[in-house]
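Protein chains in written order, with numbering that gives the first Met the number 0: chain A, 0 to 317; chain B, 0 to 161; chain C, 0 to 414; chain D, 0 to 372.
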Amino acid sequence: MSYFSNISSAITTLVDGMKVTMGYFVRPREHVTLQYPDEVWPIPTRNIGVGEIESYNTIRSKLVVDFEDCIGCKACERACPVDCIHIETFKAGPDEDIGTTKNDTKIKLRVTSFIIDMSECMFCDLCTPPCPEDCIRMTPDYQFISNDNVKLAVTPEERWRDRDHLIYEFSKVSPIERAQRQADAEKVAAAKAAAMEAKKAAAEKAAAAKAEQEAREAEKARAEAATATDSEAPPSPFISETPVDSAEPTPINIPTMESAPEPEPMDRIEVPMETIKTPEIPEVKPVSTETTAEPETSSEPDSSSEPENSSKGETENG
Amino acid sequence: MTEQEIFEDLSRKFGDKIIEFMEEGTQNPTVVVDAGTLAKVATYLKDDVRFQFNSLMNLAGHDADGETDLSVIYHLYSTELKHYITLKVFTSRDEPKVASVAELHKTANWHEREAFDLYGINFEGHPDLKRILMEDDWEGYPLRKDYVPAEFYRGMRIEKVK
Amino acid sequence: MIQLLANWILSFDILSGMGISVAWGLSLFIVAALIFVFVAANAIVLVYIERKVSAFMQVRLGPMRVGKFGTLQTVADALKLLQKEDIIPRSADKVLFIIGPWVILVASVVTFAAIPFSDTLLAANMNIGLFYIVSISSIVVLGIVMAGWASNNKWSLYGAMRSAAQIISYEIPVGITLIAVVAVVGSLNLQTIIQEQAGTGNLFHWIPIPLPNWFIFHSPFLFVAAFVYLIGATAEINRTPFDIPESESELVAGFMTEFSGLRWALFFLSEYANATLVAFLVSIVFLGGWQSPFADYEGTQIGFSIITLVAIMWTLFVRAKTGRLSVYPLGLSLVITIAAWLFPGFAIWMASPGIFWMLMKAGGIIFMLMWFRWTFPRLRVDQLMYVSWKVILPLSLINLMGVAIWMWLTGEIQF
Amino acid sequence: MGRLHAEEMVLNMGPQHPSTHGVLRLKLTTDGEIVSHIEPVIGYLHRSFEKHAENLEYQMITPFTGRCDYIAAMGSEHGYAMAVEKMMGIELPERVEYLRVIFAELQRIASHLVAVGTFGLDVGAITPFIYCFRERELILDLFEMASGARLLYNYIWIGGLAHDVPPGFVEKTYEFLDAFDEHVAEYNQILTGNKIFVERAADIGVMTPEVAINYGVTGPSLRASGVNIDIRRTEPYSIYDRFDFDVPLGQGLQGTIGDSWDRYYVRVLEMGESAKIIRQALDQLPVEGDVKSAIPRRIRPPKGEIYFRSENPRGELGYYIVSNGKNVPVRLKMRSPAFSNLSVINEIGQGWMISDVIAILGSLDIVLGEIDR
């Protein structure tokens, strides 16, 4: 008997199912397909209560910075869980006026490089709330389409070629000025080191190391006081490269900067690798705030990283 | 049954193999058990009609600082009596050995493999103790605090952990 | 048709010198080429239709990019497939791997030789047409087993084995169901079977509803037999819900797993050729083939009026209830009805037999197959066997006996 | 003549296979169509979440939790946030609690829709899958409206929410719920009652309550075996004690209690219960309240440890967190439900056919992201 009830239930339930599909078949098209380039998804509006910026009420997509308002506090860099923001700042000279933000905050640091690597960004939106100037934000631009003929990575040297168009440099500082500031910072650092050496030689004591340590710490504290605009900010690991204004401040060579060519627009600026490379970090901070701008991940594969890469390639092949 | 009562009962039964009762600094009151006795304790807790801890919710390896002993934490739950107990065992870093409860709680099979995989803790009596998440020929135990990843794995460069 | 073509070729002065055998061979070749072109074009059209049907059933749009409404999509796909690299796995059995798809394709294309598209349009008017089709189409399983075995892939082997078991199991009920029809006609000639179904008669002989004299309305047994045949044939051509040999979610792609490019396209071609064959066979055997459903032009007018009335009522009813029914089918039937009333010539054309009706009926059956495919889950292999041996086979045997008794009751045969 | 001997064949299902729901590999030992042993091989999607978590500050871990169970990111975030909040003793504003429950339950519906749809897909029914995804898109629209993201939200933060919901959210949710019930009836019509589907799912892979508990199976798969354990009910966290909802249990309507069909149907019923909870939460949702007011400035849980479990769509999602008082956890273990749920596959899948193993796997509703972490 269950044999026949099975057959009858099979027929009825199957017909039931066929009714549903036929219902959809003859229904006026309430389709769900989106003809993407012709139609686009209506971007939902949402007000998250940050500032008056109209474009903010959007979905979370491409991360941009209003660079004019950036004070170089690196709060976003520290907040980023995947380290996709790389900022390089130099302390402005005493008579240098970089300008003010829209909130009338005086900018004290010259941001020579502000790189957002959208190929690493995971769109978590954790970097935007800490920004004291509301200048880093996520825009609704979700189409990361490059019109350039993007080459695919075929060799280790070209490993990062294919995502070049996803690395955005926001700083409009010209490479010449950047190199200049780098050189100045190095000069200061060298002078400092020389002073240290001299000091050390003068001291000629076993406690020399201790003294150096103390000096370093003192510098760091001072630098921190100067750089830290956010009271919450832990000391930045970039202190060592910041020109420390101790007894003899080295003014930035402004004339050189003026004679520099017009800064390029917001495209990638071809910068020699040496300038982007971060000096060694003096001490290890809580790991999350570690922001080593890894040359091979964050920047173009140029001459300086080539030997390393090629050797790597050999190792891989071998 | 409260955790305190369970601890007292266990102490009566197993004597000094039950090392201590931790209530401070944890949201789940924990009984620290000797590593060798753990399987017996777990069996007792499961079979005794007053406890009936038939469900092992979680099994986690733990390395506090990279120097002191490794530990394994067992979160037990009774689906019948709806009460909890947390067991903890310590085992030496150089030769981590804990008795397996994989036969008792089948779910522990994979969890112990995971703890072995990530902490290198040997679960004695485990039917099939091998790596589960990492590759079979991976070197080192990644979740140990003193773990330093190798430079290469089969010719592939290992990205440094941030 | 080959004879006609040969005579036609010889009727030209220039060609008349070639002799009857050469003309015969030439026309044979032309007909074969025509059938192959039909099969290939048919596959391309059907794939497009299937994609659209499935899309509409799944609240999607389907292909929309290539050509207007994506009409050229399948052409583009076919071109892409032809260009693809021809991969033969290193450890495959090369000979069988190459032969397999062709065996399947040939077996499914050759059957079309016996299909009468209209009263004149058929390649070979065989007196054993039905038998020929059934026997040739079962060669397909040989190709499938070849392909599955040659791939040297466990999934392919599973697919081939399942397919062999399935096709052989379903041959039996399908054959017996067809015998029931043959018992009514007394001939295996497909043209004879179709001609038997001309005219109008009562539903099931006694119920006074005027319907065409098709075998599906011949008796309750043949009515059931039509569905039994449809189910069995669905299984025989490996379509959902009986697509276990290539069941995508289980066996990756079954016996087709290792095939790519042109060889894979051959499988695809033969799959749709088989579906079309089944549709033709159902319409020939049960739905009167190229016969028109309407007896004369008045019949056309009245028939379409009734259909339109029903469509209007149904559409109004459903729209009132849910507000979700397209009005396009209603509009189409309305237009045809008005045309049938206004232009008697149109009505007469509708009432006359021809290839149009054959294709319409086959199209309806193919739509049915698509409808099945996009609604049902897949059976398990043992359940498939259960359906075959325990449900379909007894049913087809009962049908065979029932038809015999029915014919005795209605006086079609006397002892 | 050598003797013709038969032997068992080892079949590698995966890591690339249409029905393993990701990069799972099953080593099937088969005797013809019958599977005599199943050995799951996992780890292909291992992204060292736990190692990452030991190096990230607490608030930075939230987006990673969502990436573990990417089908139900809100659930993972909710569980993690609650665990840290419990460690820190944070009291949440009412509005936050209600919104969290709404989002968690919406996520449960979305996740079950995927489960139901893909289960249909596994047994060969393609169309219901598309219908389910159509529904899910509507839920994702709601999520996008609130958080700005469709899949990985980072919306439930420790101590609150990333943003308040935009105006119109409540109305849109009601709209969705009204349409939803009708669509569930449609799924039942096309799939649940379908004879072929019932034949494929009922009586297949029966999991007894003892086996389920012993293997640590949780969530709908456990409840399908008739064990009435739903952490929302047995141990109400957040504000689940304020809502009136049923815990659907497997009843063996088409076969045995604890078969694949039950596991499927419990999910279908649970969607309705979740809709019920959302309705109640929306009715009671406080209008006023700052969703960010309780977010701590520094997230440094006191020294100690916690095991906190919550009811994810797939089952019991536990977080074992050890803190030493700093802003980075010492240890964070995610007890992912699908990890334990998958481990039972050999026990219940042995002796069935290959097709059934796929059905059983589909009925367990695994997400490889959280199995491998």
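Note that beta-carbon positions come from the ideal geometry of N, C-alpha and C, so glycine has one too.
- Residue pairing of W351 (chain D) in beta bridges, as defined by DSSP: absent, with no partner found.
- Close to P240 (chain C), with beta-carbon spacing below 8 Å, are these residues of chain D in chain order: G123 and I195.
- For P247 (chain D), the nearest beta carbon of chain A is not closer than 7 Å to its own beta carbon.
- Counting along the chain, T111 (chain A) sits inside the beta strand (DSSP E) bounded by residues L108 to D116.
- Interface with chain D (7 Å Cβ-Cβ cutoff): S170 (chain A) is excluded.
- Inclusion of E134 (chain D) and L112 (chain D) in the CB contact set at 7 Å is warranted, their separation being smaller than that value.
- Within the segment 237-266 of chain C, the runs of alpha helix (DSSP H) that reach at least 4 residues and sit entirely inside it are, in chain order, 247-250.
- The C-beta distance from N121 (chain B) to K87 (chain B) rounds to 17 Å, too long to meet the 8 Å contact threshold.
- In the DSSP annotation of this structure, F216 (chain C) is not part of any beta strand (DSSP E), being labelled neither H nor E.
- Between I37 (chain D) and Q349 (chain D) a beta carbon distance of about 7 Å is seen, short of the 8 Å cut, so the two are scored as contacting.
- Counting the other Cβ atoms within 10 Å of the Cβ of Q142 (chain A) gives fewer than 16, which makes it exposed.
- Taking a contact as a CB-CB distance under 8 Å, the pair L160 (chain D) and V343 (chain D) does not count as one, their CB atoms being some 36 Å apart.
- As computed with DSSP, W156 (chain D) is found in a beta bridge with D:G159.
- In the three-state reduction of the DSSP assignment, L150 (chain D) falls in the coil class, being assigned neither a helical nor a strand state.
- Near chain B, meaning a CB-to-CB distance below 9 Å, the residues of the segment 301-317 of chain D are P301, K302, G303, E304, I305, Y306, F307, R308, E315 and G317.
- Secondary-structure assignment with DSSP links A98 (chain B) through a beta bridge to B:E123.
- Sixteen is the threshold: since fewer than 16 other Cβ atoms of the shown chains lie within 10 Å of the Cβ of Q15 (chain D), the residue is exposed.
- Note on geometry: alpha-carbon atoms of V71 (chain B) and Q34 (chain A) lie some 54 Å from one another.
- Contact between the segment 249-266 of chain C and the segment 390-403 of chain C is absent, with fewer than three C-beta pairs closer than 8 Å.
- Of all alpha-carbon atoms in D:T233, D:L190 and D:I347, the one lying nearest the alpha-carbon of V246 (chain D) is that of D:T233.
- DSSP places K90 (chain A) outside any alpha helix (DSSP H); the residue lies instead in the beta strand (DSSP E), whose first and last residues are I84 to K90.
- By the rule that beta-carbons nearer than 7 Å mark a contact, E198 (chain D) touches chain C.
- For R99 (chain D), not one C-beta of chain B is nearer than 7 Å to its own C-beta.
- Under the Cβ distance rule, Y23 (chain A) counts among the residues neighbouring chain C, one pair being separated by less than 7 Å.
- Below the 7 Å Cβ cutoff, chain D contributes T126 as neighbours of M56 (chain C), in chain order.
- By the neighbour-count definition (other C-beta atoms within 10 Å, threshold 16), E216 (chain A) is an exposed residue.
- Secondary structure of D140 (chain D) (DSSP, three-state): helix.
- Annotated as proximal: A106 (chain C) and V139 (chain C), with beta-carbon spacing under 7 Å.
- According to the DSSP secondary-structure assignment, L58 (chain B) is paired through a beta bridge with B:Y73.
- Under the 7 Å criterion on CB atoms, T127 (chain A) is classed as non-interfacial with respect to chain C.
- The three-state reading of DSSP puts V95 (chain D) in helix, counting H, G and I together.
- The beta-carbon of E174 (chain D) is placed no less than 7 Å from the nearest beta-carbon of chain C.
- Taking C-beta atoms as the reference points, I353 (chain D) and E247 (chain C) fail to come closer than 7 Å.
- In the pairwise beta carbon analysis, the segment 254-270 of chain D is classified as touching the segment 209-220 of chain D: at least three pairs are separated by under 8 Å.
- Against chain A, the CB of L60 (chain C) has a partner CB under 7 Å away; the residue lies at that interface.
- Put simply, the backbone Cα of G14 (chain B) is about 58 Å away from that of R379 (chain C).
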